[in-house]
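Residue numbers (this note's numbering), protein chains in the order written: chain B, 1 to 320; chain P, 321 to 640.
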């Protein structure tokens, strides 16, 4: 295990790949790995890139990575989107540019499986971002799909959140209006040369989301881009991300944000593990008997569950 | 409380409304209510109607309810979809027919709020269906929006699951192909007179989903309908639902299905309550201290959480 951790810290691709596979599998060794790597993360700037399928997140991300790599910086990418073109070898609209990413020694791309249908990122994603950070990358990008649920998760594990929209994504406009997306530090309307592009920019600009950004003093911008077309807007997106990075460095903002994200991450894992512990503690026979009692009218669902929970947590438990 | 339960059992609308409001609020009195109503449910046939927003679920449901009510049966409807036209007074495409539903003494419609962004139905929905069942309705319909996550939930609380699709719902075709929707007992392609209608029927018919229905011996059908147009297909949908109801009555299938659904419902609530218990047991100061330890490299997220979980469940806990 310490050899694997050492390999990760040295930035060796095979070690990183093996480490992330452990996390992905939920292998018990992953806990030892993360213990061995503790304290090794924090140097990378972490950027979340989220938005609906087909918004061109991978294309945008590939373009950003290539520009950053050209300046000598090292880039790690986690693609959580199951439909991500990264996993299918077709990024930036053509194979030639995918090959360009592949050839670049400064760019490491890894796609990760999501488990379950429930949405949400899963704790292994945050750990994988820590692995890339510990491996010494300057930038760690996390690409994920989704509205609402996943975006709230992603905010707790990155420093800058970018939401990518496209002119046709009407659902996203609804989501913005519903206040589901008050989490972005930067909005990018990709494919903005298409019909409806400027209307989409205007819709986001006029939405309440921009007025309710959680960090006072930071005003999220709405940039148009065409990552897969003429490359319009990529430099501006990068400049704005760097501006956000610089802004976070001041007045302890980055530390405060990471602390707040870490609180959410720990609380989320604690709740998940408590639910898993409950699932493991109720065997099939107990469940079958309980179902019978409810259907026979002898008991209620809530009473049964509260009975099971009696004594959770024990007196020496978490409240200490 | 016993007065409220008695009112529900007598089928009085005000009592039903008040009971569901208690559930919706998560009022502690709801637990007493459900205890008082235990054993009172089971007579209604419960039908889940799910599908993407705009598929015309409410319109279909309204048409089914009116036909059933015309034969003297009593219909209860829970609309969980936050965008349901039921809540907005515009069902079946026009106000006249909404008024028709409203005037019908045999039809009770209630829209329910969903809590949180996480998706999933929430335990109060299953309880509300029990309330309607205890109130003596012959049919209880639960309308919900969503793909995947919500549909899996809904299957555990209804007897028949209907998935409503429309020709343009490309995401749904993807979901079917991905096996996310192996849960429907009946597929309805609504608005099937539109362009792409027969292609959609063919796509669902050819999908693997139909081959993997969880109940051996039941083959889900794919029906075209035009609930908001000429009313085409409504009679066939109703006939097929009645056929499924009759099929379930044989050979103990309904009892087996309800038992299986109840197991899932109890297990789901148990996990949710365990997570809530964990959230309540970790105070802000403990979380803040834990976040600091991780960020300082003194501890890992998993180790902290496992420490909190030590002794969960206590020896006298749920495994009994």
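Even glycine gets a Cβ: it sits at the ideal position worked out from N, Cα and C.
Note that the structure is predicted; figures quoted are calculated from it, not measured.
Asked                                                                                                                                                                                                 : Found
Taking Cβ positions, are residue 483 (chain P) and residue 371 (chain P) nearer each other than 7 Å?                                                                                                  : yes
If you reduce the DSSP assignment to three classes, tell me which class residue 543 (chain P) lands in.                                                                                               : strand
Do the CB positions of residue 158 (chain B) and residue 48 (chain B) come within less than 7 Å of each other?                                                                                        : yes
So who's on the other strand from residue 399 (chain P), going by DSSP bridges?                                                                                                                       : P:431, P:463
Do you know how far the Cα of residue 508 (chain P) is from the Cα of residue 549 (chain P)?                                                                                                          : 15 Å
Would you please verify whether the beta carbon of residue 587 (chain P) is less than 7 Å from any beta carbon of chain B?                                                                            : yes
Leaving out the 5 sequence neighbours to the left and right, which residues in its chain are closer than 6 Å to residue 354 (chain P) when beta-carbon positions are compared?                        : 447
Nearest chain B C-beta to residue 520 (chain P) closer than 7 Å, yes or no?                                                                                                                           : no
For residue 207 (chain B), decide whether its Cβ has a neighbour in chain P, counting only Cβ atoms nearer than 7 Å.                                                                                  : no
Is residue 270 (chain B) closer than 7 Å to residue 628 (chain P) when the C-beta atoms are compared?                                                                                                 : yes
By the criterion of Cβ-Cβ separation under 9 Å, what are the contact partners of residue 624 (chain P) in chain B?                                                                                    : 266, 269, 270
In chain P, which residues lie with their C-beta within 9 Å of the C-beta of residue 34 (chain B)?                                                                                                    : 620, 621, 622, 623
Would residue 459 (chain P) and residue 395 (chain P) qualify as a contact pair, given that the criterion is a beta-carbon distance under 7 Å?                                                        : yes
Where do the N-terminal and C-terminal ends of the alpha helix (DSSP H) with residue 506 (chain P) fall, by residue?                                                                                  : Not the alpha helix (DSSP H): residue 506 (chain P) falls in the beta strand (DSSP E), residues 506-509.
Are residue 326 (chain B) and residue 185 (chain B) closer than 7 Å when you measure CB to CB?                                                                                                        : Nothing can be reported for residue 326 (chain B): it is not among the residues displayed for chain B, which extend from 1 to 320.
What is the DSSP secondary structure of residue 95 (chain B), counted as helix, strand or coil?                                                                                                       : Low per-residue confidence applies at residue 95 (chain B): pLDDT is 47, beneath 50, and the placement is therefore not dependable, though the value from the model is reported in the following sentence. Reduced to three states, the DSSP call for residue 95 (chain B) is helix.
Count the CB pairs spanning the segment 599-611 of chain P and the segment 277-289 of chain B that are closer than 8 Å, and state whether there are at least three.                                   : no
Roughly how many angstroms separate the alpha carbons of residue 305 (chain B) and residue 347 (chain P), rounded to a whole number?                                                                  : 17 Å
Which residue wins for smallest C-alpha separation from residue 475 (chain P), given the options P:503, P:511, P:332?                                                                                 : P:503
Out of B:133, B:125, B:130, state which residue places its alpha-carbon closest to the alpha-carbon of residue 144 (chain B).                                                                         : B:125
What's the gap between the Cα of residue 352 (chain P) and the Cα of residue 473 (chain P)?                                                                                                           : 24 Å
Thinking just about the alpha-carbon of each residue, which of B:106, B:272, B:190 is nearest to the one in residue 70 (chain B)?                                                                     : B:106
Closest to residue 569 (chain P) by CA distance: which of P:363, P:341, P:334, P:350 is it?                                                                                                           : P:363
Taking 7 Å as the threshold (beta carbon to beta carbon), is residue 634 (chain P) in contact with chain A?                                                                                           : In summary, chain A is missing from the structure at hand, where the protein chains are B and P.
Name the chain P residues that come within less than 7 Å of residue 291 (chain B), Cβ to Cβ?                                                                                                          : 579, 582, 583, 586
Looking at residue 264 (chain B): is its Cβ nearer than 7 Å to the Cβ of residue 594 (chain P)?                                                                                                       : no
Give every residue of the same chain whose Cβ lies closer than 8 Å to the Cβ of residue 63 (chain B), excluding the five residues on either side of it in the sequence, and list them in chain order. : 92, 227, 231, 234
Suppose only complete runs of 3+ residues qualify. What are the beta strand (DSSP E) ranges in the segment 244-312 of chain B, listed by chain order?                                                 : none
Can you list the residues of chain B that residue 376 (chain P) reaches, using a CB-CB cut of under 7 Å?                                                                                              : Within 7 Å Cβ-Cβ: nothing; residue 376 (chain P) doesn't reach chain B, min ~18 Å.
Name, going along the chain, the residues of the segment 246-258 of chain B whose beta-carbon falls closer than 9 Å to a beta-carbon of chain P.                                                      : 255, 258
By DSSP, does residue 378 (chain P) sit in helix, in strand, or in coil?                                                                                                                              : helix
Please list the residues of the segment 274-288 of chain B that have a C-beta atom closer than 9 Å to any C-beta atom in chain P, keeping them in chain order.                                        : 274, 275, 276, 277, 278, 279, 280, 281, 282, 283, 284, 286, 287, 288
So residue 522 (chain P) and residue 329 (chain P) are supposed to be a Cβ contact under 8 Å. How far apart are they, rounded?                                                                        : Contact doesn't hold; Cβ gap of about 47 Å is too wide.
Does the CB of residue 43 (chain B) have a neighbour CB from chain P at under 7 Å?                                                                                                                    : no
For residue 518 (chain P), report the span of its alpha helix (DSSP H) as first-last.                                                                                                                 : 517-525
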